[in-house]
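Everything on this sheet refers to the single structure shown next.
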Amino acid sequence: MLFSSISTLFLLLLFPTLAASCTCSPFSGNQGSCCPDNSSSCSHWGETLSCAGETPVCCNSNFASNCCPENSACSQGCRDSLLGDCFCIPPRESKYVEEDALYSLAFVAASQCEAGKGLNNTWSCTACPQSWPLSEVNVVNHNGHQVLVGFDGMAIVAAFRGSLSPQDWWADAENVAFTDYPECDGCKVGLGWYKAVQSVGDLVISAIADIDSRHPNSPIILTGHSLGAAMAPLFVVALEDYSASLASQITFPIYTFGQPRVGNPEYAAWANERFGEGAWFRVVHHNDPVPHLPPPALGYKHMATEVWYVEIGTGEANFMVCDGSGEDQECSSGTLVSGDFTDHNEYLDHDIHQCNPSGF
2 MLFSSISTLF LLLLFPTLAA SCTCSPFSGN QGSCCPDNSS SCSHWGETLS CAGETPVCCN
62 SNFASNCCPE NSACSQGCRD SLLGDCFCIP PRESKYVEED ALYSLAFVAA SQCEAGKGLN
122 NTWSCTACPQ SWPLSEVNVV NHNGHQVLVG FDGMAIVAAF RGSLSPQDWW ADAENVAFTD
182 YPECDGCKVG LGWYKAVQSV GDLVISAIAD IDSRHPNSPI ILTGHSLGAA MAPLFVVALE
242 DYSASLASQI TFPIYTFGQP RVGNPEYAAW ANERFGEGAW FRVVHHNDPV PHLPPPALGY
302 KHMATEVWYV EIGTGEANFM VCDGSGEDQE CSSGTLVSGD FTDHNEYLDH DIHQCNPSGF
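Here is the structure:
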């Protein structure tokens, strides 16, 4: 066994191309000429490269080919030459952990269910993840907005539901207007997001504090989808204003899914500084239209940091941690808005909409 391991290492040192064979990036635009038939070929009309070894990933278009480091993504220009050049985007170092994102997503899916249909201490709802049961469940539902609060045995979970009720949809529509955000100078946030947090926030804080009274100093996991994702950063600050001690128990990074823009550029800059680098990950599924809303034309800007996934698949090769601008043009902000909401209702290969079986 030792001789075999040494022999393998010796061969890899002599022939580094054996270390990794050609892999077609799911972000590439010319899939037919991207490592075809398990070959190392990465080609376009005018050139063929051989991708292996330290640069096994093929990023190509009809006009360019690139051999890239492992788990690289490809620029928008690889998929649409009108959007610029085709080039490699090597993976960025980050605190993003897909397993933790999946854990938060499981409770986002459950938050779509109803208290009278198993979203309670029986933990029997259609989307309730049986691998990760909650106890001491409190479904906070006020003025049509819903938040799932419970205890997973080690941490307090609060999952802010996406839009399901008429009041939720009205809150979404109200974001054509801003309201002043009193926490920072010049900051404005969507009127609908702000009113939704004002409506339900105190009840959620009470539910969290109630569980904490029985399980002191438990970590607090916050998450949300769509409307709930936009409410989450505003709720963090509301919790800090209520109790700095309780807010200090929040677990970072926070993972949200399909998060719309929350406020203006001043708010985005303030939120990035307030939460810190790598403290907030906005997971975006491919062509989900909701992260495009409200549009920059209305004065909105995204907070950092987006994690952009391809249509199907999980794992490092299938997502890209975007830059810290919040509006990385090589990620979803650089794509056209889609009218298909399928990608908004499915995240990390799981259905998270209307209390459907989520697969967790």
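Counting from 2, one number per residue, gives the positions in the sequence shown under my numbering. Glycine is no exception: its CB is placed at the ideal position from the N, C-alpha and C atoms.
Beta-carbon spacing of residue i, residue j below 8 Å
i    : j    : result
C68  : L84  : no
F361 : S34  : no
M304 : P234 : yes
G151 : V138 : yes
W46  : N61  : no
E391 : V237 : Examination of residue 391 is not possible in this model, given that the chain is present from 2 through 361 alone.
S22  : A53  : yes
P70  : E55  : yes
L120 : V140 : yes
C114 : A128 : yes
I251 : T224 : no
F258 : A280 : no
V285 : W194 : no
S339 : H351 : no
D213 : L247 : yes
Expected contact under 8 Å - CB spacing of residue i and residue j to nearest Å
i    : j    : result
P433 : G314 : Summary: the structure shown does not reach residue 433, with the chain confined to residues 2 through 361, and so no result is reported for it.
D289 : L228 : With a Cβ gap of about 14 Å, D289 and L228 do not count as contacting.
V308 : R283 : 7 Å
G78  : C89  : G78 to C89, Cβ: 11 Å. No contact.
A111 : L149 : 6 Å
V201 : H146 : 5 Å
V158 : I222 : 5 Å
C75  : S29  : 5 Å
C126 : C356 : 6 Å
E1   : G187 : Past the edges of the chain, shown from 2 to 361, lies residue 1, and the structure says nothing about it.
E278 : G325 : 7 Å
P292 : Y301 : The Cβ separation is near 11 Å, so there is no contact.
Assigned exposure category for residue i - 16 Cβ within 10 Å defines buried
i    : result
E331 : buried
E347 : buried
Q260 : buried
E274 : exposed
N265 : buried
P220 : exposed
S207 : exposed
M2   : Any reading at M2 is ruled out, since the residue's pLDDT is 42, under 50, leaving its predicted position unreliable.
L106 : buried
K369 : The structure shown has nothing for residue 369, since the chain only spans 2 to 361.
V98  : exposed
R162 : buried
S73  : buried
M232 : buried
P57  : buried
L15  : For L15, the pLDDT reaches just 47, beneath the cut-off of 50, and the residue's location in the model is therefore unreliable, although a value from the coordinates is still provided. By the neighbour-count rule (16 or more Cβ atoms within 10 Å), L15 is not buried but exposed.
R215 : exposed
A298 : exposed
Q168 : buried
P217 : exposed
N39  : exposed
N31  : buried
F4   : Reliability fails at F4, whose pLDDT of 40 lies under 50, so the model's placement of it is uncertain and the value that follows must be treated cautiously. That one is exposed.
S136 : exposed
T336 : buried
A269 : buried
D1   : No answer is possible for residue 1: it lies beyond the span of the chain, which begins at 2 and ends at 361.
D344 : buried
H354 : buried
T306 : buried
T24  : buried
A245 : exposed
Span of the beta strand (DSSP E), counted from its first residue to its last, around residue i
i    : result
N139 : S136 to H143
Q147 : H146 to F152
V274 : First, the residue type needs correcting, since residue 274 is Glu and not Val in the sequence shown. Premise fails: E274 lies in the alpha helix (DSSP H), P266 to F276, not in any beta strand (DSSP E).
N122 : No beta strand (DSSP E) contains N122, which DSSP labels as neither H nor E.
I346 : Going by the sequence as given, residue 346 is Asn instead of Ile. Where N346 is concerned, there is no enclosing beta strand (DSSP E), although the alpha helix (DSSP H) it sits in stretches over T343 to N346.
T257 : I255 to F258
W309 : E307 to Y310
E48  : E48 to S51
I157 : I157 to F161
F320 : F320 to V322
Extent of the continuous alpha helix (DSSP H) to which residue i belongs
i    : result
V104 : Here residue 104 is Tyr; the residue named in the question, Val, does not match the sequence. E99 to A111 is the span of the alpha helix (DSSP H), which, as asked, contains Y104.
L235 : L228 to Y243
R283 : Looking at the DSSP string, R283 is not in any alpha helix (DSSP H); the run it does join, the beta strand (DSSP E), is W281 to H286.
H45  : Counting along the chain, H45 falls outside any alpha helix (DSSP H), though it belongs to the beta strand (DSSP E) covering S42 to H45.
C68  : Per DSSP, C68 belongs to no alpha helix (DSSP H); it is in the beta strand (DSSP E), S66 to C69.
C79  : Q77 to R80
is_contact[residue i, chain C] using C-beta, thresh 8 Å
i    : result
V263 : In the structure shown, chain C does not exist; there is a single protein chain.
Hey, which unbroken runs of the beta strand (DSSP E) at 3 residues or more fall wholly within the region 173-208?
-> If only uninterrupted beta strand (DSSP E) runs of at least 3 residues are considered, those enclosed by the region 173-208 are 179-181 and 189-191.
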